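**Student:**
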Amino acid sequence: MQLTASNQIDVNETFDLIPNDRESGNRYALLIGINYIGHSVGQLSGCHNDAQNMVEYVKDVHGFPEENITILLDKDGYTQPTRENMLEAYKELVAKAEPGDCLFCHHSRSRTLAFDLMQEIGAPDTLPSHLSLACLLL
126 MQLTASNQID
136 VNETFDLIPN
146 DRESGNRYAL
156 LIGINYIGHS
166 VGQLSGCHND
176 AQNMVEYVKD
186 VHGFPEENIT
196 ILLDKDGYTQ
206 PTRENMLEAY
216 KELVAKAEPG
226 DCLFCHHSRS
236 RTLAFDLMQE
246 IGAPDTLPSH
256 LSLACLLL
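Per the working numbering, the very first residue in the sequence shown carries number 126; after that it's consecutive.
1. For Ala214, count neighbouring Cβ atoms within 10 angstroms of its own Cβ and tell me buried if that reaches 16, exposed if not.
2. Does Leu218 come out as helix, strand or coil in the three-state DSSP assignment?
3. Considering only their Cβ atoms, is the gap separating Thr204 from Leu218 smaller than 8 Å?
4. Here's the rule: buried if 16 or more other CB atoms are within 10 angstroms of the residue's CB, otherwise exposed. What is Ala154?
5. In chain order, which beta strand (DSSP E) runs of at least 3 residues are fully inside the segment 177–235?
6. Return yes when at least one heavy atom of the ligand HEM lies under 7 Å from the C-beta of Leu198, else no.
7. Following the continuous beta strand (DSSP E) through Leu142, name the residue where it begins and the one where it ends.
8. Take the Cβ of His231 as the centre, count every other Cβ of all protein chains shown within 10 Å, and call the residue buried at 16 or more, exposed below.
9. On a CA-only basis, which of Pro224, Gly188, Pro206 is nearest His173? Give me that one, please.
10. Do you know offhand how far Leu156's Cα is from Ala176's?
11. When we look at the beta-carbon of Asp201 and count the other beta-carbons within 10 Å, is it buried (16 or more) or exposed?
12. Compute the Euclidean distance between the alpha carbons of Val186 and Gly171, then round it to the nearest angstrom.
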């Protein structure tokens, strides 16, 4: 598996996606990959791969049920990651969550847009702007 990141990650360091006190809650994930298919400038090549690898990771390693995973990709066969679709997906994710649940969001594209959208639906403005991953615990 290969993942790309805007910041260096020490893969030898332990990382708990689901803290021990949240193991019994529901797990929901929203994974977005935008390669800018068809754009003449700025087309990317790894964002779909990142999102699809994260699907397997959250399912296989952290036990996220497939029915609780939403994926948006700018390619045929997937819900397109338009601004409207992304906002709706974030709203749906937050609306179905209950205390004790874990919400995992991965946006492979522009981290600035991901946080702008999350703040637009009322997510805390204290999220670190240098991260492209966020795990929201309710």
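Heads up, the beta-carbon is just placed ideally off N, CA and C, and yes, glycines get one too. On a predicted model such as this, the values are computed, not experimentally measured, just so you know.
**Tutor:** Checking against the coordinates, here is how it stands:
1. buried
2. helix
3. no
4. Ala154 comes out buried.
5. Segments of the beta strand (DSSP E) lying fully in the segment 177–235: 194–198, 227–233.
6. You won't find the ligand HEM in this model; it holds no ligand whatsoever.
7. Here Leu142 belongs to no beta strand (DSSP E), and DSSP marks it neither H nor E.
8. buried
9. Pro206
10. 6 Å
11. With fewer than 16 neighbouring CB atoms inside 10 Å of its own CB, Asp201 falls in the exposed class.
12. 21 Å
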